[in-house]
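Visitor: The numbers in full-length UniProt numbering rise by one with no breaks, and the one at position 116 of the sequence shown is 116. All C-beta atoms, glycine included, are put in the ideal place defined by N, C-alpha and C.
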Amino acid sequence: MNNEIILVTAPNEAARNFIRLLMYKKLSFAVLTNSAQEEKKVRRLGVQHVIRMDTAFAHKWSLPNAAVGRIFLFENSMNLTCRFLQICRPWTQKPITIITQQNHPRGVYRGMGANHIVFTIKGEVGFLLNEERAAVN
């Protein structure tokens, strides 16, 4: 049995739809945020586990109280996504996926440790869970 949690950022509607899918499939996950407003939004969805951190102070970054598996970082701003990537990369050896609607240089994210960069216009990323199942089996 796999005890790892999936970490997700939720700055946009595509991310919140992905969270709804995680909840529907009853997968263990936590939402990572640096915003009280974003935390309220995901809690209204029924999210039980939220990790809110101050991304400005490296000495306050601490490993969650659970084993971290896959990480899905939904991009709202390149700067914040890079910061989350910097924070999260040491937490897991599993792949980190960046989901973006922007045309930012992929090499920046790869250089910081992202394994996959998914570009989507409509925000449809449910297929990522199929990859998750394939990686587990």
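Would you mind stating whether residue 147 and Ile99 have Cβ atoms separated by less than 9 Å?
Guide: Residue 147 lies beyond the stretch modelled for the chain, which goes from 1 to 137, so this question has no answer here.
Visitor: Have a look at Ala67 and Pro105 and give me their C-alpha separation to the nearest angstrom.
Guide: Straight-line Cα distance between these residues: approximately 30 Å.
Visitor: Mapping the DSSP letters down to three states, classify Gly123 as helix, strand or coil.
Guide: Three-state result, Gly123: coil.
Visitor: Under a Cβ-count criterion, where at least 16 other Cβ atoms within 10 Å of its own Cβ denotes burial, should Val11 be classed as buried or exposed?
Guide: In the sequence under discussion, the amino acid at residue 11 is Pro, which differs from the Val named in the question. Label assigned to Pro11: buried.
Visitor: CA-CA distance, Ala30 and Ala15?
Guide: If I take the Cα positions, the gap works out to 12 Å.
Visitor: Could you give the C-beta distance for Cys82 and Leu7, rounded to a whole number, given that I count them as a contact under 8 Å?
Guide: Their Cβ separation, rounded to whole angstroms, is 16 Å, which puts Cys82 and Leu7 out of contact at 8 Å.
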